[in-house]
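The structure appears below as structure tokens.
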Ligand code: SRM
Ligand SMILES: Cc1cc2nc3c(=O)[nH]c(=O)nc-3n(C[C@H](O)[C@H](O)[C@H](O)COP(=O)(O)OP(=O)(O)OC[C@H]3O[C@@H](n4cnc5c(N)ncnc54)[C@H](O)[C@@H]3O)c2cc1C
Ligand code: SF4
Ligand code: FES
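Protein chains in written order, with this note's numbering: chain A, 1 to 106; chain B, 1001 to 1807.
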């Protein structure tokens, strides 16, 4: 059963992800934002700001945070939490690298 | 030329050489043995290196060019292992022998490591050099728990750095309060509270007896039987003068190398300065005394030996902690004794503590926490042994004067009082430099006087002094406003540093200026990126990571995540062919709406990001920059060709202006208008730059705004020819580009600088106008039509426009 609920998808070769920025990954109807903070450090969150669903993939990435392009909320790409004074949280997805490909558990 | 050999390529040794070269550049042929594989760097700022992933270059004091320029041979990475004081030869570890006429020991100190079980394990380090910093930075990538042994100056700076590296930090301290050698208990308590709120955890009165772990350390065991986990241990419990080599060479060594008042050791022609020196029974561990020693030695070596000056008499010590958000100062005898009295200010709400200890009507020591502005004054009173019996509290602690208009304590200081303790720079030196060299920023003062070149603690004072010295010229509005929460530097200071240090990368700026938030935020990064591009137009690249989405993908993001496309229509003029193309594209890509904008062109709204490059390609039109902090539109009216009132060719001038300045990066958007008569159909009166045609002349209005803060434009000047108009726009806009803060519209900028001032620069001063216009030409030459560039560049397309779709 577990297998069916949690599946790993191949989101592409690591070289298709710019460093210190993010990239949208579409899995069926699910839209994800994958952040490559360092050469070998990847995080995935849902591409939807908890405020008004802004596309987080378009935000400025600073350290482990992304600033939403619509109204500048600051969201942690590691745990999906919005920084104070804003409140909210976006879903996170486990991400790992295997054979130079990025795998996301959805 | 005589031969001078220096052992130790550190702060004291090199400063001594600088002082010698300043006095007599051709006296010596110099060779340096330096164990570390780097040029001379600022050890004091290591804690700052820890706080970001900054490189060695950022804290280098003398780069390799400096060595070369002065003909100095640097034996980098080589250790001096033997000194023969009879033959006057130094032997290096790689086998070479160097003869000397004059030898200088500046071997510094070694960190003291607790001789406990496990101290040799992997992951146990000191905090002394670049290597240590690199180890900590590396460890922080793999491990999460750090312990710092020692709650003194070094330990706390290390702990702060490790916090910034995202580690959990326990500080283990043996006494029951922090920095017990510099602080009394109330101050230490406030310090602890502040640091705890920053995320440090303290374990007081704990004696470490063992470090656990197999190869790598995994934890600490304390004498009381308790223990903690840690996979990185930093020992910061003290230093020991590095005297092994001197001892072996037969020099007189007690706790350190013994020297007299001229820094002479017991051997002929051998001198010593720095932390490896013991002078009148004192061994120093801060740069101020070491720099004084260097100066005295340089004077001795280059001067006339028959008329010796007084020599070195020792230094009054003081300390400051370099942890952001914490101001601590301590000097002299600060502990209460039966024969002392103290002035105390203790405000637990504001987090301020001040204590001035007095004996026989003289200040003999002080501790300041939370507000250290009075420190130079207090130090000066201590040095001079000033009688304070006639002085009231406010005269001793001027910062306690809370009455309106209270002045900065620098104002009351004597010209001879020290501003920069590390480098021994007094107020008079700074004031003279500001006046004679016409300095206007802290960075410039540092470059000219050395004030602020070491620990940087005196920068606020230098800033106050600048303000006080320049008076009117340093207007209210120029007063310091930090750029954002990531830094204390103002926009102006950041720009100045970018210029003077030739910084060309956003990351570099944040490192060099020690950003509190190492990677900045959405506020400062775009600003820095703009300043770099403006200051170094031909030597920098736009940093994509530091641009707001609109400027990264050259389209305007909308509430649902789609984008808009506004192609350029120069001067608001179009033709059937262009309109047909727009119509075709709107059909082909099912654009949600086509709208006429307020800027005289068409907007295609509701476009998906991945379609942007192909839409641009199909349109074959340049970008209208409707999204950028850049030159937007030039609206025009019909003008003389058709209109019965038109006196000028407004359309042609509008098109020419737009073609020349299109896409130019500016601090905020710039909109222009050209009307052919005062009826002003192109709304020139509310544009950043608006032209109004008269018979045979153009009126140029500036700083109008039709947005949030509605403002009517001011008449800047009246011009006769189109060429004059172009030159004036160039100069005016370049002056705006160079002096406005990022995101400051021309309307706010002009109000800040004043119309008369701007007129005096761009209208009345022909030379400045020409120079500004020339710099504008350079900026314009960098322009690249962005849509075309992206269409051509597959990598940009893939990185910024396309999503990865999984199967
Ligand atoms: C498209 C347009 C409205 C229209 O349909 O006419 C427009 C649309 C936007 N304007 Fe505007 N402005 C448009 C003309 C204006 C004008 C009129 C003009 O230029 O003649 C003004 C007042 C004149 C002025 O700026 O002095 C104007 C004053 C603003 C302001 C306030 C600026 C200010 O300094 O006070 C903003 C906010 C900002 O820039 O920070 C703004 C911001 C915006 C943004 C970009 C909001 C945003 O950041 O996302 C809008 C994008 C909407 C979208 O979803 O694409 N827009 N905006 C106009 C595009 C003109 C063009 O062809 O480039
Ligand atoms: C993290 C930190 C923060 C500090 N903060 C402050 C502060 O805020 N204010 C302040 O005033 N001071 C501060 N200090 C102290 C200050 O840095 C030192 O006092 C100063 O660097 C000492 O200068 P020095 O030339 O005597 O020794 P060093 O700068 O240590 O130079 C000695 C050099 O000699 C080399 N060497 C030694 N033996 C040999 C040999 N046999 N052959 C070749 N090379 C050799 C060493 O490798 C070293 O590079 C701080 C120190 C540290 C570590
Ligand atoms: S006035 Fe401008 S910014 Fe405001 S809603 Fe309309 S288009 Fe958007
Ligand atoms: S939608 Fe993200 S901040 Fe508003």
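Yeah, the Cβ is synthetic: ideal placement off N, Cα and C, and Gly gets one too.
All of these numbers come straight from a predicted model, not from anything done at the bench.
Can you tell me which of B/1192, B/1533, B/1106, B/1004 puts its alpha carbon nearest to the alpha carbon of residue 1099 of chain B? B/1004
Below 7 Å, is the gap between the Cβ of residue 1297 of chain B and the nearest heavy atom of ligand 6? The model on display carries ligand 1, ligand 2, ligand 3 and ligand 4 but not ligand 6.
DSSP-derived helix/strand/coil call for residue 1182 of chain B: coil
Cβ contact (3+ pairs, closer than 8 Å) linking the stretch 1173 to 1185 of chain B and the stretch 1149 to 1159 of chain B: yes
Any idea what DSSP makes of residue 1476 of chain B, helix, strand or coil? Interpretation of residue 1476 of chain B is limited by its pLDDT of 43, a score under 50 that renders its predicted location unreliable; the figure taken from the coordinates is listed afterwards. DSSP places residue 1476 of chain B in helix when its eight states are reduced to three.
Can a CB atom of chain A be found closer than 8 Å to the CB of residue 1485 of chain B? no
Using three-state DSSP, classify residue 1197 of chain B as helix, strand or coil. helix
In this structure, what does DSSP give as the bridge partners for residue 1347 of chain B? B/1352
Answer with yes or no whether the minimum CB distance from residue 42 of chain A to chain B is below 8 Å. no
Please confirm if residue 58 of chain A has its CB atom under 8 Å from at least one CB of chain B. yes
Measure from the C-beta of residue 1088 of chain B to each C-beta in chain A and report whether the shortest distance is under 8 Å. no
In whole angstroms, what is the alpha-carbon distance linking residue 1546 of chain B and residue 1414 of chain B? 46 Å
Pick helix, strand or coil for residue 1432 of chain B, following the three-state DSSP scheme. helix
For chain B, find out if any of its Cβ atoms is closer than 8 Å to the Cβ of residue 11 of chain A; answer yes or no. yes
Looking only at DSSP bridge pairs, what is residue 1232 of chain B linked to? B/1146
Does the Cβ of residue 1009 of chain B lie closer than 7 Å to at least one heavy atom of ligand 2? yes
I believe residue 1560 of chain B touches residue 1506 of chain B by the beta-carbon criterion, under 8 Å. Please report the beta-carbon distance rounded to the nearest angstrom. Contact flag wrong, Cβ pair sits at about 30 Å.
Hey, would you say residue 1116 of chain B sits closer than 8 Å to residue 1002 of chain B, going by beta carbons? no
Straight-line CA distance for residue 1774 of chain B to residue 1734 of chain B? 9 Å
Mind listing which residues of the stretch 67 to 83 of chain A have their C-beta closer than 8 Å to chain B's C-betas, in chain order? 67, 69, 70, 72, 74
Secondary structure at residue 1053 of chain B, three-state DSSP: helix, strand or coil? Bear in mind that the predicted position of residue 1053 of chain B carries a pLDDT of just 46, short of 50, making it unreliable; the figure below should be weighed with that in mind. Residue 1053 of chain B falls in the coil class under three-state DSSP.
Going residue by residue through the stretch 1377 to 1432 of chain B, where are the continuous beta strand (DSSP E) segments of at least 3 residues, counting only ones entirely within it? 1418 to 1420
In this structure, does DSSP put residue 1294 of chain B in helix, strand or coil? helix
Please report whether the beta-carbon of residue 1703 of chain B lies at a distance below 8 Å from any beta-carbon of chain A. no
Starting from the N-terminal side, write out each stretch of the beta strand (DSSP E) that is 3 residues or longer and does not extend beyond the stretch 1296 to 1338 of chain B. 1318 to 1320, 1328 to 1332
Is residue 14 of chain A close to chain B, meaning its C-beta is less than 8 Å from at least one C-beta of that chain? no
Scan the stretch 1089 to 1133 of chain B and note each continuous beta strand (DSSP E) run of 3 residues or more that stays entirely inside, going in chain order. 1089 to 1092, 1097 to 1099, 1102 to 1105, 1109 to 1111
Cross-chain neighbours of residue 1525 of chain B in chain A, by beta carbon under 9 Å: 60, 62
Residue 1157 of chain B Cβ short of 7 Å to ligand 2 heavy atom set: yes
Would you call the CB atoms of residue 1667 of chain B and residue 1732 of chain B closer than 8 Å? no
Are residue 1465 of chain B and residue 1431 of chain B close, meaning C-beta to C-beta below 8 Å? yes
Roughly how many whole angstroms lie between the Cα atoms of residue 1536 of chain B and residue 1754 of chain B? 27 Å
Whole angstroms are fine: how far does the CA of residue 1712 of chain B sit from the CA of residue 1686 of chain B? 5 Å
Alpha carbon of residue 38 of chain A to alpha carbon of residue 97 of chain A, nearest angstrom: 13 Å
With a cut-off of 8 Å, does the C-beta of residue 1626 of chain B fall near any C-beta of chain A? no
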